[in-house]
Amino acid sequence: MKRNQMLIPMPLRYLINAVLFAAFLWIMNSLITGGAISRYHSGIISSIGISIILAVSLNMATGYLGQLPLGHAGFMALGAYTSALIMKSAAAAKGLESALGASYAAYFFPAALVAGGLAAALFALLIGMPALRLRGDYLAILTLGFGEIIRVVLLNIDNVLGFKLTNGAAGLQKIPTTTTFLFTFIFVGITCFVIHTMMKSRHGRAILSIRENEIAAESCGISTTYYKTLGFVVSAFFAGIAGGLYAGNVGILNPSSFGFMKSIEILVMVVLGGMGSMLGSVLSASVLTALPELLRSFAENRMVVYSLVLVIVMIFKPTGLMGTYDFSLNGLLDKLILKLKGGNARFQKGGPDE
Amino acid sequence: MLKTMLKVNDINVYYGSIHAIKGVSFSVERGEIVTLIGANGAGKSTILNTVSGLLRSKTGSVSFLDKPIGSLVPHKIVAGGLAQVPEGRRVFLNMTAEENLEMGAFTRKGAEAAESLADVYMRFPRLKERRKQIAGTLSGGEQQMLAMGRALMSKPELLMLDEPSMGLAPILVEQIFEIIKELNAAGVTILLVEQNAQMALSIADRGYVLETGRIATSASASELLNNDAVKKAYLGG
Numbered sequence: 001m002k003r004n005q006m007l008i009p010m011p012l013r014y015l016i017n018a019v020l021f022a023a024f025l026w027i028m029n030s031l032i033t034g035g036a037i038s039r040y041h042s043g044i045i046s047s048i049g050i051s052i053i054l055a056v057s058l059n060m061a062t063g064y065l066g067q068l069p070l071g072h073a074g075f076m077a078l079g080a081y082t083s084a085l086i087m088k089s090a091a092a093a094k095g096l097e098s099a100l101g102a103s104y105a106a107y108f109f110p111a112a113l114v115a116g117g118l119a120a121a122l123f124a125l126l127i128g129m130p131a132l133r134l135r136g137d138y139l140a141i142l143t144l145g146f147g148e149i150i151r152v153v154l155l156n157i158d159n160v161l162g163f164k165l166t167n168g169a170a171g172l173q174k175i176p177t178t179t180t181f182l183f184t185f186i187f188v189g190i191t192c193f194v195i196h197t198m199m200k201s202r203h204g205r206a207i208l209s210i211r212e213n214e215i216a217a218e219s220c221g222i223s224t225t226y227y228k229t230l231g232f233v234v235s236a237f238f239a240g241i242a243g244g245l246y247a248g249n250v251g252i253l254n255p256s257s258f259g260f261m262k263s264i265e266i267l268v269m270v271v272l273g274g275m276g277s278m279l280g281s282v283l284s285a286s287v288l289t290a291l292p293e294l295l296r297s298f299a300e301n302r303m304v305v306y307s308l309v310l311v312i313v314m315i316f317k318p319t320g321l322m323g324t325y326d327f328s329l330n331g332l333l334d335k336l337i338l339k340l341k342g343g344n345a346r347f348q349k350g351g352p353d354e
Numbered sequence: 355m356l357k358t359m360l361k362v363n364d365i366n367v368y369y370g371s372i373h374a375i376k377g378v379s380f381s382v383e384r385g386e387i388v389t390l391i392g393a394n395g396a397g398k399s400t401i402l403n404t405v406s407g408l409l410r411s412k413t414g415s416v417s418f419l420d421k422p423i424g425s426l427v428p429h430k431i432v433a434g435g436l437a438q439v440p441e442g443r444r445v446f447l448n449m450t451a452e453e454n455l456e457m458g459a460f461t462r463k464g465a466e467a468a469e470s471l472a473d474v475y476m477r478f479p480r481l482k483e484r485r486k487q488i489a490g491t492l493s494g495g496e497q498q499m500l501a502m503g504r505a506l507m508s509k510p511e512l513l514m515l516d517e518p519s520m521g522l523a524p525i526l527v528e529q530i531f532e533i534i535k536e537l538n539a540a541g542v543t544i545l546l547v548e549q550n551a552q553m554a555l556s557i558a559d560r561g562y563v564l565e566t567g568r569i570a571t572s573a574s575a576s577e578l579l580n581n582d583a584v585k586k587a588y589l590g591g
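Going down the list, the protein sequences come from chains P and G.
All residue numbers for the first sequence refer to the working numbering, where the first residue is 1 and numbers rise by one.
All residue numbers for the second sequence refer to the working numbering, where the first residue is 355 and numbers rise by one.
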């Protein structure tokens with residue numbers, strides 16, 4: 001039933017990946033806490049992680065599901081404001097901090113992030129349910145409007161029911177800067193793991209088949225409305241989490257940073273990396289976040305460069321840098337083992353009766 | 355066992371303000387091959403899409419095995435045992451042949467699906483040879499077989515085929531129709547929509563002739579083959 005025979009059994013495959021990821025986290029974390037990487041650079045690394053979550057989650061909706069949501073920044077804003085408000089009120093409850101010490105963030109921050117993700121997911125459900133019943137570009141138009149509505153609402157409400165909450169155009173300030181490298185990248189790991197395993201399951205197959213051909217999917221007995229909404233909501237959930245991490249990284253939220261250009265920026269990452277390739281999203285999110293930071297003087301012109309790069313990529317590699325290719329460490333190991341076992345064992349085994 | 359498999363009663367389907375299907379009624383009995391023939395734009399595919407739930411009728415009723423299905427969504431209808439092979443071989447182009455077939459069994463349990471897969475491979479040995487091949491690289495005839503095999507994976511009682519001969523070489527058309535006959539002999543009831551009236555009537559038990567959204571004539575297939583009006587309009591004199 002499987003496309004390739006797997007030489008390494010399934011639990012071991014997860015274990016190898018988990019151990020390597022943990023080792024990467026540990027090395028990077030000790031470099032940062034040890035002072036080998038400056039506070040400035042670790043901030044950039046965190047924002048790379050946030051971009052990765054945003055791009056990988058948008059890739060779920062565009063690359064795998066084949067829809068075109070243009071309001072990813074809106075979902076990010078929802079998550080950012082929700083978790084920022086939770087963290088601010090947690091910090092305001094002074095008793096908590098003295099009772100739990102500095103580690104109070106470790107207890108509250110993940111919960112605040114998930115709350116932010118859920119807020120984004122709820123709104124995605126509300127706009128996805130009507131929009132995704134239809135075939136075509138309605139979702140693009142709806143999410144485009146939604147993203148702007150979120151931004152304009154945040155810009156114009158100073159208080160909610162008498163409480164001074166979001167501060168409108170002045171921005172939400174003094175948010176506890178609880179985002180650390182470790183938090184960010186643990187959530188990067190969770191995002192990639194959840195989306196990857198989901199896409200390998202039968203639900204993922206259903207989502208891919210909708211991208212391939214919606215009418216055929218429907219005639220296979222797949223509820224296309226359900227799976228389109230599911231994919232879209234999961235995508236928005238992780239955008240909300242990324243928003244929460246962003247809030248904890250910069251400490252100040254301003255509605256103008258969640259405009260249409262932010263949504264496009266994320267979309268550019270996905271398209272450039274290759275729609276339908278998680279590896280592509282991760283790579284292009286890393287590069288496109290790091291470059292403007294590392295080349296400060298060049299940052300002003302990046303929109304010009306973005307469009308140039310996009311045009312060039314679309315001419316020479318219309319499927320994006322990685323196409324739909326996805327890297328699998330265990331797949332590579334499988335190939336290596338086969339090679340070591342001797343020559344073309346694979347081909348002898350192949351054939352119709354394999 | 356119920357004798358009447360599908361009963362369509364007085365359906366009216368609109369595309370916006372265009373009245374595409376005007377009060378069509380027909381039925382399919384268990385074990386039959388029934389064909390709907392007619393020229394381009396007569397409404398053949400529209401009727402199939404209405405039965406499978408992709409389109410909605412404004413009036414009338416569609417019932418399958420005595421249960422009304424007119425208001426069900428497509429995936430529920432498939433799970434009920436009514437599968438459609440959509441027009442134009444809509445296979446999942448970037449998946450392998452076997453993955454395409456597995457998608458067809460989406461509504462069923464793993465063990466049952468494996469059984470159906472073996473079944474489909476027996477009926478279409480060519481698909482077994484090509485199981486690891488990406489569907490987009492299969493030939494037109496193979497893609498048609500794949501689309502049919504995928505529909506069979508849901509183990510339907512009634513199989514609806516929309517223009518299986520479309521764009522295929524005559525020899526392949528004959529092969530496909532041979533397979534349809536075999537499927538019918540194996541107990542699958544067939545509703546066939548075709549432009550190739552000669553071919554369709556040669557294997558069918560009964561036929562309905564559609565003209566601009568209405569049923570013009572209905573009779574046994576052999577009668578239709580000898581009907582002068584039908585001959586003139588669809589069979590080239």
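The C-beta atom is built at its ideal place from N, Cα and C for all residues, glycine as well.
In this text the structure is predicted, and so the values were computed from the model without any measurement.
Under a Cβ-count criterion, where at least 16 other Cβ atoms within 10 Å of its own Cβ denotes burial, should residue i be classed as buried or exposed?
i: L436 (chain G); result: buried
i: T413 (chain G); result: exposed
i: N394 (chain G); result: exposed
i: F181 (chain P); result: buried
i: E218 (chain P); result: buried
i: R504 (chain G); result: buried
i: K349 (chain P); result: Since pLDDT at K349 (chain P) reaches only 39, below the 50 mark, its modelled position is unreliable, and no value is offered.
i: S425 (chain G); result: exposed
i: K341 (chain P); result: exposed
i: S411 (chain G); result: buried
i: K463 (chain G); result: exposed
i: M314 (chain P); result: exposed
i: R202 (chain P); result: exposed
i: V432 (chain G); result: buried
Go through its chain and collect everything with a Cβ distance to residue i's Cβ below 8 Å, but skip five positions before and after it.
i: L208 (chain P); result: Y64, M199
i: A23 (chain P); result: none
i: P352 (chain P); result: No answer about P352 (chain P) holds up, because its pLDDT of 37 lies below 50 and its placement is not dependable.
i: R477 (chain G); result: G503, L506, I533, E536, L537
Could you name the residues of the same chain whose beta carbon sits closer than 7 Å to that of residue i, not counting the 5 residues immediately before and after it, in chain order?
i: M1 (chain P); result: Below a pLDDT of 50, predicted positions are generally treated as unreliable, and M1 (chain P), at 39, falls in that range; no measurement from the model is reported.
i: G397 (chain G); result: A374, I375, L564, G567
i: L333 (chain P); result: I8
i: Q587 (chain G); result: For the record, residue 587 (chain G) in the displayed sequence is Ala; it is not Gln. No residues qualify anywhere along the chain.
Short of 6 Å in beta carbon distance, which residues of its chain neighbour residue i, apart from the five on each side in sequence? Order them along the chain.
i: L578 (chain G); result: L555, G561, V584
i: A169 (chain P); result: L155
i: R485 (chain G); result: A451, E452
i: K335 (chain P); result: none
i: G280 (chain P); result: G273, G274, G320, L321, M322
In chain G, which residues lie with their C-beta within 7 Å of the C-beta of residue i?
i: E212 (chain P); result: F446, L447, N448, M449
i: G136 (chain P); result: Chain G residues near G136 (chain P): none, gap ~15 Å exceeds 7 Å.
i: A216 (chain P); result: P440, R444, V445, F446
Can you pull the chain G neighbours of residue i, defined as C-beta to C-beta under 9 Å?
i: I207 (chain P); result: Those do not exist, as I207 (chain P) stays about 11 Å from chain G at its closest Cβ, beyond 9 Å.
Based on the DSSP secondary-structure assignment, which residues constitute the bridge partners of residue i?
i: T413 (chain G); result: G:N366
i: Y562 (chain G); result: G:L390, G:S572
i: M514 (chain G); result: G:Q438, G:L545
i: F380 (chain G); result: G:V362
i: P422 (chain G); result: G:S417
i: T450 (chain G); result: G:I488
i: H373 (chain G); result: G:Y368
i: L253 (chain P); result: P:L172
Run through chain P and tell me which residues come within less than 7 Å of residue i, C-beta to C-beta.
i: G458 (chain G); result: C220
i: S508 (chain G); result: G221
i: S406 (chain G); result: S219
i: H429 (chain G); result: E218, G221, I222, S223
Note down, in chain order, every chain G residue with its Cβ under 8 Å from the Cβ of residue i.
i: S328 (chain P); result: The contacting residues do not exist; S328 (chain P) stays about 17 Å from chain G at best.
Interface residues of chain P around residue i at Cβ under 9 Å?
i: T461 (chain G); result: C220, G221, I222
i: A433 (chain G); result: G221
i: P504 (chain G); result: The sequence given here has Arg at residue 504 (chain G), not Pro. Result: A216, S219, C220.
Got a sec: does the ligand NAD put a non-hydrogen atom nearer than 8 Å to the Cβ of residue i?
i: G248 (chain P); result: Within the structure as shown, the ligand NAD is missing, as the structure has no ligands at all.
| query | Are the segment 291-306 of chain P and the segment 73-90 of chain P touching, with three or more C-beta to C-beta distances below 8 Å? | reply | Taking 8 Å as the limit for Cβ pairs, the verdict is that the segment 73-90 of chain P does not touch the segment 291-306 of chain P.
| field | Meets three-Cβ-pair contact criterion under 8 Å: the segment 519-529 of chain G and the segment 483-491 of chain G | value | No, the segment 519-529 of chain G does not touch the segment 483-491 of chain G.
| field | Three-pair Cβ contact test at 8 Å for the segment 279-297 of chain P versus the segment 82-92 of chain P | value | Not touching, per the Cβ criterion.
| request: Evaluate contact between the segment 124-138 of chain P and the segment 44-51 of chain P, counting only Cβ atoms and requiring at least three cross-stretch pairs below 8 Å. | output: Contact fails: fewer than three Cβ-Cβ distances are below 8 Å.
| request: Take every Cβ of the segment 243-259 of chain P, pair it with every Cβ of the segment 140-152 of chain P, and state whether three or more of those distances are shorter than 8 Å. | output: Three or more beta-carbon pairs separated by less than 8 Å link the segment 243-259 of chain P to the segment 140-152 of chain P, which places the two stretches in contact.
| task | Decide if the segment 232-245 of chain P is in contact with the segment 179-196 of chain P; the criterion is three or more beta carbon pairs, one per stretch, under 8 Å apart. | result | Taking one beta carbon from each stretch, the segment 232-245 of chain P and the segment 179-196 of chain P have 3 or more pairs nearer than 8 Å; the two touch.
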